[in-house]
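Engineer: Dropping a structure here in structure tokens format, bear with me for questions.
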Amino acid sequence: MMSPKESLDIIARMMSQTRRSVLSDVYFPFLVWGWSTMGICLTVYLGLVLTGDATWKYAWLLLPVVGLCGLMAHGKRELQVNTELTGSLLMIWRMLGLVLAGFSVTAYIVSFNVLFFILLMLAIGSYVTGAVIKYAVLRYASMAGLVIAPVMWLVEGPRQLLLFAVAILGMMIFPAYKITMIR
11 MMSPKESLDI IARMMSQTRR SVLSDVYFPF LVWGWSTMGI CLTVYLGLVL
61 TGDATWKYAW LLLPVVGLCG LMAHGKRELQ VNTELTGSLL MIWRMLGLVL
111 AGFSVTAYIV SFNVLFFILL MLAIGSYVTG AVIKYAVLRY ASMAGLVIAP
161 VMWLVEGPRQ LLLFAVAILG MMIFPAYKIT MIR
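Everything in the sequence shown is counted per my numbering, starting at 11 for the first residue and increasing by one.
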């Protein structure tokens, strides 16, 4: 027979293990998409600045390929803990992915400040993810996108890409590395 304290200790350990597993499921996509986005963003920036050729913007079309290849290179992983929480987050990010793809494709047809909208959506997704998994670092880091997004209206040309890269670093890559420290 277990004492109430022993029962509570077991429950606390199980909850802690579940949280670590959920954090483990979250960090890798943030790293893959963060680094993929940052790499392509800086490639476009350098291409525009060094050559002045606007066709460098088509390098963005590589992002889904690079990101998906990065995820697949890691191997098909089963979620460590398949909960309503992880399922909900997956559905939220799939919907955000469709919205981001829609913005991206539309930007090739109609000229508008697409980086503002993409950054805003990524910041919201990051914040929601941090709130759902109760990880404050991710919630606070998402503020980088929420603060930098409006600045995108004040900055013109390739410098927007540098702001975008800084926001991605702050709201996706940094918190993902912080998660790896606590797993």
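By construction, the Cβ of each residue, glycine as well, lies at the ideal position given by its N, Cα and C atoms. Since we're looking at a predicted model, the values are computed, not measured.
How would you label L71, buried or exposed, when you count the other beta carbons within 10 angstroms and need 16 or more for buried?
Structural biologist: L71 comes out exposed.
Engineer: Return yes when the Cβ of T190 is within less than 8 Å of the Cβ of N36, no when it is not.
Structural biologist: The sequence shown places Val at residue 36, not Asn. No, the pair does not count as a contact, with Cβ atoms beyond the cut-off.
Engineer: Would L52 pass as a contact of A175 if the rule is Cβ separation under 8 Å?
Structural biologist: yes
Engineer: Hey, G62 and I178: beta-carbon distance below 8 Å or not?
Structural biologist: no
Engineer: When burial is assigned at 16 or more other CB atoms within 10 Å of the CB, is G167 buried or exposed?
Structural biologist: Classification of G167: exposed, given that the 10 Å Cβ count is below 16.
Engineer: For I158, I'd like the list of residues in its chain whose CB is within less than 6 Å of its CB, leaving aside the five on either flank, ordered along the chain.
Structural biologist: Here the set comprises L173 and A177.
Engineer: Would DSSP call Y68 helix, strand or coil?
Structural biologist: helix
Engineer: I'd like the span of the alpha helix (DSSP H) that includes I158, first residue to last.
Structural biologist: M153 to V161
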